[in-house]
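Participant:
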Amino acid sequence: MTDKQALPINILMADDDEDDRLLTVDALKESRVLNNLFCVEDGVELLEFLRREGKYSDPKDAPRPSLILLDLNMPRKDGREALQEIKSDPKLRSIPVVILTTSKEEEDMLRGYDLGCASYITKPVNFEGLVDLMRALGKYWIEFVELPHD
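In UniProt numbering, the protein residues as written are 1 to 150.
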């Protein structure tokens with residue numbers, strides 16, 4: 001770990017699949033990535049978290065994330081709609097969004113980049129792959145990238 005940024009970053013994961021959320025938590029622990037992970041279940045809850053509305057009105061419960069991991073296929077408001085809202089909001093658009101999805105559709109990838117995602121990653125099929133991915137994401141986003149502070 002470089003001394004540039006030894007503090008944990010806040011990662012916000014939006015995914016409706018509870019198993020995927022739990023596996024990601026375990027993978028982050030296994031990969032020894034320093035972070036604070038917060039999870040929401042759909043795009044509506046994601047935007048409430050980001051805008052500190054409803055149950056997320058206390059900043060301690062909803063700190064500004066340094067990075068958003070976004071699933072595309074969610075109920076109520078899907079990841080595509082949420083990404084469009086995030087990137088059109090001047091207060092939120094500087095937060096990097098990594099699409100982490102099962103979709104391998106070229107159209108989803110192109111639309112994600114067009115809407116302003118930082119990366120598009122297809123979810124690994126096994127836990128070892130997820131651990132490797134979280135390790136790589138952690139190394140990249142924590143050690144190499146300069147992220148804006150709140």
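C-beta atoms are modelled at their ideal positions from N, C-alpha and C, and glycine is treated no differently.
In this text the structure is predicted, and so the values were computed from the model without any measurement.
Pairs of beta-carbons, one from the stretch 101 to 111 and one from the stretch 37 to 52, closer than 8 Å: are there three or more?
Facilitator: They do not touch, by the three-pair rule.
Participant: Could you tell me which of Glu-85, Arg-76 and Asp-78 sits nearest to Ser-94, measuring between CA atoms?
Facilitator: For Ser-94, the nearest C-alpha among the options comes from Glu-85.
Participant: What did DSSP end up calling Thr-24 once you bin it into helix, strand or coil?
Facilitator: If DSSP states are grouped into helix, strand and coil, Thr-24 belongs with the helices.
Participant: In angstroms with no decimal places, state the Cα-to-Cα distance between Lys-104 and Pro-63.
Facilitator: Approximately 31 Å between the Cα atoms of the pair.
Participant: Does the beta-carbon of Gly-129 have 16 or more other beta-carbons within 10 angstroms, so that it is buried, or is it exposed?
Facilitator: It counts as exposed.
Participant: In the DSSP assignment, find the alpha helix (DSSP H) that holds Phe-144 and state where it starts and stops.
Facilitator: That residue, Phe-144, is in no alpha helix (DSSP H); it is neither H nor E in DSSP.
Participant: Roughly how far, in whole angstroms, is the beta-carbon of Leu-23 from the beta-carbon of Leu-69, given that I think they are within contact range, below 8 Å?
Facilitator: 12 Å between Cβ atoms; not a contact.
Participant: Out of Asp-71, Leu-46 and Lys-139, point me to the one whose CA is closest to Leu-28's CA.
Facilitator: Looking at the Cα atoms, Lys-139 is the closest of the given residues.
Participant: So, are the CB atoms of Glu-75 and Asp-16 less than 8 Å apart?
Facilitator: The sequence given here has Pro at residue 75, not Glu. Against a cut-off of 8 Å, the Cβ pair of Asp-16 and Pro-75 comes out as a contact.
Participant: What does DSSP give as the partner residue(s) for Asn-73 in the beta ladder?
Facilitator: Beta-bridge pairing links Asn-73 to no other residue.
Participant: Can you tell me whether Ala-14 is helix, strand or coil according to DSSP?
Facilitator: Three-state result, Ala-14: strand.
Participant: If you check the beta carbons only, do Asn-36 and Asn-10 fall under 8 Å apart?
Facilitator: Taking 8 Å as the Cβ cut-off, Asn-36 and Asn-10 qualify as a contacting pair.
Participant: Could you tell me the distance, in whole angstroms, from the CA atom of Leu-47 to the CA atom of Glu-146?
Facilitator: About 24 Å.
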